[in-house]
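To start, the structure itself, in structure tokens.
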Amino acid sequence: MKNNLRVLLNGFVKENPVFVLLLGTCPTLATTTSVVSALAMGLAAAAVLICSNAAISLLRKIIPDKVRIPAYIVIIAGFVTVVQMLMEAYLPSLYEMLGVYLALIVVNCIVLGRAEMFASKNTVGASILDGAGMGLGFTLALLCMAIVREVFGAGSFAGMEIPFISDYTVPILVSPPGGFFVFGVLIALVSALGKKPVKEEFGCEGCPNASLCKGECGKEKA
Amino acid sequence: MKNGIKSVLVLTSICLITTLLVALTNHFTAPVIEKNKADAANKSLIQVLEGAKNFDKLEKPADTPESVQDIYMETSGLGFAVTVSVTSSYSKSPMLYTVGVSSNGMITGIVITNYGETKDFGKDTYPQTYVGMDSALNGAELVSGVTYSSAAFRQGVEDVFAVLIKMNLIQAGEKSEEQKIKELLDKLIPGALNDSGTGSFKDFTVPDWGAAGYEASNGTGYILVSKDGTVYTVNPFGKVKAYDTDGKDITDTAQNLTDAAGAVPKLSGQKENADTKALKKLTGDTAMFTAAVIDTVSTVTNAFVIDNEGERLYGFVCRPIGYNNGTMTVYGILDSEGKIKEIKISEIILYSQHYDDYELNEEAYTEGLKGKDGSTLSEEDTLISGATISGNAVNKALKDMFGAYEDITKGGNGN
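This is how it looks when you write it as structure tokens:
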């Protein structure tokens with residue numbers, strides 16, 4: 077149970093696909109100009125991740141090693157097409173909003189990466205949890221970026237104008253250079269937060285001055 | 053071998069299962085998607101024709117303009133909705149819009165469903181200026197600075213009316229005298245037209261007998277309209293012609309021909325000016341220039357017969373409209389057989405003011421034009437990759453130059 081929870085939560089921060097593994101940069105930069113499109117893209121990718129991980133895990137013992145990559149691509153493309161059709165039918169405005177980036181989920185490194193790294197080696201249940209964790213982690217990352225870019229770049233949240241902030245927007249944030257800037261800042265932030273302090277230990281072994289100071293150099297002087 | 057067969061079978065099976073999954077999804081979603089599309093299209097139809105409920109799609113006539121996509125008739129007889137797709141030189145994607153026309157031939161509404169132009173002509177406001185107009189489109193102005201996109205838009209609306217009138221669904225609107233004259237400007241002074249076929253004119257002060265005056269922004273001609281409605285054209289060589297408001301040539305019976313010629317500055321024929329100096333750079337200072345007179349109205353603004361130490365040459369200055377409606381200047385020297393001997397093109401784009409990274413080997417470009425005459429010059433010769441509008445302008449200027457050469461040598465105006 078604990079292990080399952082760890083698999084699920086891995087994708088949120090520790091192995092966040094966007095800010096830690098640096099995968100899926102293209103849709104991250106393209107769809108984070110608005111919170112709605114970021115959320116839609118994240119959830120669409122998560123759905124594909126969960127389904128493709130489940131299918132690939134289920135077939136992992138049947139698919140020969142030689143044709144595993146084409147097989148994964150066919151499976152992923154199939155699920156992306158299904159998601160695309162469902163969105164076009166039932167969420168047409170979101171479908172229009174995401175445009176070509178919805179179809180580009182097929183070549184999203186996160187999906188193929190998890191298929192190759194996790195689903196092909198683990199059980200169906202664990203793979204579904206991994207897909208859900210990675211998908212939600214991807215969604216969370218997109219959401220964070222979109223909030224910064226839309227709120228401060230356009231002065232709105234999910235299309236609703238925010239009083240005061242809308243008068244002092246930084247329009248470059250919603251443009252591609254602004255996207256790269258926010259992306260870089262958030263990567264640095266996640267990296268700084270996730271870093272564990274390393275206890276530095278000194279020893280005299282191998283030090284050329286050891287015979288002279290006799291281990292006194294590391295000690296604090298009064 | 054066994055592994056190979058297994059791989060093929062597994063991959064084929066996965067493809068088949070995936071296809072089945074996609075087909076199954078398509079089976080359920082296709083009708084919904086179709087309905088969504090029909091609703092979206094219907095929505096724009098209803099938006100442009102207030103009170104409309106249902107539409108019947110009509111069959112398009114055989115020679116319908118390409119821009120007209122579909123024609124719908126409101127079932128209760130309120131009017132028509134026509135979907136249009138147009139492109140301009142600045143289109144990233146086709147401009148799609150729906151035009152509503154009432155049964156008495158007035159525009160009831162226009163909704164743009166896709167706008168992919170590089171500059172916004174006011175997509176929410178500009179189309180509304182057409183509402184209430186009939187097929188005459190009296191008062192439909194182009195948007196300054198976004199002329200290509202707004203001209204394409206206007207052309208689409210004209211096409212809508214053309215097809216509805218052709219199908220006898222509405223009556224044509226009556227054009228005003230002023231409108232007829234403005235349309236004549238483009239026909240009578242073709243040298244002022246830009247690459248999209250729109251003329252660039254400015255008003256100028258007319259004498260007492262005149263009602264209006266228009267000057268081509270590139271100096272290729274003037275139009276004076278007398279108070280009795282006669283339209284006079286004066287080319288840069290002072291040659292005058294007269295037309296009625298329907299464009300019929302009435303030069304023989306018009307009364308103010310001499311006054312019209314005197315009312316505008318004569319641009320050509322000066323012995324020493326910037327044009328002759330520029331041409332002398334191509335021929336050499338010793339060349340003797342004699343001003344020539346051209347009857348036609350084109351991009352040619354100056355013409356000379358040149359005696360270059362016994363060799364007879366012809367010098368022309370053309371001013372076509374180029375990129376961003378700027379005036380280009382093309383200086384050309386033709387030999388006695390009408391072939392290009394020397395050519396110099398001065399134009400904004402060649403100075404990299406607009407494109408920092410734009411590079412054109414002007415020398416190689418002009419060298420490629422030398423030796424060409426009216427029968428051998430092709431569009432490929434003048435094409436400038438990445439600067440099509442400028443290339444087209446050069447082509448137009450050279451064709452006019454060859455025409456002017458014919459005018460001088462065959463028409464006997466080379467005195």
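These protein sequence lines are chains A and B, in that order.
With this note's numbering applied, the first sequence corresponds to residues 77 to 298, in that order.
With this note's numbering applied, the second sequence corresponds to residues 53 to 467, in that order.
Where is the CB? At the ideal position from N, CA and C, for every residue including glycine.
| Are the segment 153-161 of chain A and the segment 215-224 of chain A touching by the rule of at least three beta carbon pairs closer than 8 Å? | no
| request: Grab the span of the alpha helix (DSSP H) containing Val215 of chain B for me, first residue to last. | output: Thr199 to Lys218
| Between Glu419 of chain B and the rest of its own chain, which residues show a CB-CB distance below 7 Å, the 5 nearest in sequence each way excluded? | none
| For Gly367 of chain B, which residues does DSSP report across the bridge? | B:Phe356 and B:Ile385
| said: So Ile138 of chain A contacts chain B; which residues on that side make the cut at Cβ distance below 8 Å? | reply: Val62
| task | Look up Tyr417 of chain B in the DSSP assignment and give the residues it is bridged to. | result | DSSP, once it has assigned bridges, lists no residue as partnering Tyr417 of chain B.
| Enumerated in chain order, which unbroken segments of the alpha helix (DSSP H) with a length of 4 residues or greater are wholly contained in the segment 218-291 of chain B? | 229-240
| task | Spell out whether any CB of chain B is found under 8 Å from the CB atom of Gly154 of chain A. | result | yes
| message | Considering only their Cβ atoms, is the gap separating Met163 of chain A from Ala120 of chain A smaller than 8 Å? | response | yes
| said: Val100 of chain B and Thr165 of chain B - do their beta-carbons sit closer together than 8 Å? | reply: no
| query | Whose Cβ in chain B lies nearer than 9 Å to the Cβ of Thr157 of chain A? | reply | Thr70, Leu73, Val74, Thr77 and Asn78
| query | Pairing CB atoms from the segment 119-137 of chain B with CB atoms from the segment 185-192 of chain B, are three or more of them under 8 Å? | reply | no
| message | On the DSSP letters alone, give me the boundaries of the beta strand (DSSP E) that Met125 of chain B sits inside. | response | Val120 to Glu126
| said: Check whether chain D comes within 8 Å of Val200 of chain A, counting only Cβ atoms and requiring the distance to be less than that. | reply: Reference to chain D is not applicable here, since the protein chains of this structure are A and B.
| Contact belief for Leu365 of chain B with Lys329 of chain B at Cβ below 8 Å, rounded distance in angstroms | Actually they do not touch by this definition, with Cβ atoms about 16 Å apart.
| query | So is Pro113 of chain B buried or exposed if we call it buried at 16+ other beta carbons inside 10 Å? | reply | exposed
| task | Starting from the Cα of Leu85 of chain A, find the closest Cα among A:Ile238, A:Ala208 and A:Ala122 and give me that residue. | result | A:Ala208
| field | Cβ-Cβ distance between Asp206 of chain A and Asn92 of chain A below 8 Å | value | no
| field | Bridge-paired residues (DSSP) for Asp176 of chain B | value | Answer by DSSP bridge pairing: none, since Asp176 of chain B is not bridged.
| What in chain A is Cβ-close to Ile85 of chain B, meaning under 9 Å? | Met161, Glu164, Ala165 and Pro168
| field | Per-residue contacts from Ala147 of chain A into chain B (C-beta, under 8 Å) | value | Val62, Leu63 and Ile66
| query | What residue from A:Val227, A:Ala268 and A:Pro168 has the CA that sits closest to Val250 of chain A's CA? | reply | A:Val227
| query | Taking buried to mean at least 16 other C-beta atoms within 10 Å of its own C-beta, is Pro252 of chain A buried or exposed? | reply | exposed
| query | Within 10 angstroms of its Cβ, does Asn354 of chain B collect 16 or more other Cβ (buried), or is it exposed? | reply | buried
| task | Please confirm if Lys58 of chain B has its CB atom under 8 Å from at least one CB of chain A. | result | yes
| query | Got a sec? Which residues, its chain only, sit under 7 Å from Lys448 of chain B by beta carbon, not counting five neighbours each side? | reply | Thr351 and Pro372
| query | How would you call Ala191 of chain A, buried or exposed, if buried means at least 16 neighbouring beta carbons within 10 angstroms? | reply | buried
| task | Drop a sphere of 10 angstroms on the beta-carbon of Ile162 of chain B, count the other beta-carbons inside from all chains shown, and report buried for 16 or more, exposed for fewer. | result | buried
| message | Any C-beta of chain B within less than 9 Å: which residues of the segment 187-211 of chain A qualify? | response | none
| task | Could you pull the start and end residues of the alpha helix (DSSP H) that Met147 of chain B belongs to? | result | From DSSP, Met147 of chain B is part of no alpha helix (DSSP H) but of the beta strand (DSSP E) over Met147 to Ser154.
| query | Apart from the five residues on each side of it in sequence, which residues of its chain come closer than 8 Å, Cβ to Cβ, to Ser146 of chain B? | reply | Reading the sequence as shown, one finds Pro at residue 146 of chain B and not Ser. Correct list, in chain order: Ser137, Val138, Thr139, Asn166 and Gly168.
| field | 8 Å Cβ cutoff met for Ala195 of chain A and Ile132 of chain A | value | yes
| task | Please list the partners that Val182 of chain A has in chain B, where partner means a Cβ-to-Cβ separation under 8 Å. | result | Those do not exist, as Val182 of chain A stays about 12 Å from chain B at its closest Cβ, beyond 8 Å.
| request: Specify, as a first and last residue, the run of the beta strand (DSSP E) that Asp206 of chain A falls within. | output: First-last for Asp206 of chain A: Val200 to Arg225, but that is the alpha helix (DSSP H), not the beta strand (DSSP E).
| said: Can you tell me whether Glu431 of chain B is buried or exposed? The criterion is at least 16 other CB atoms within 10 Å of its CB, across all chains shown. | reply: exposed
| Thinking C-alpha only, which one of B:Met340, B:Thr338, B:Leu334 and B:Val258 is nearest Val382 of chain B? | B:Leu334
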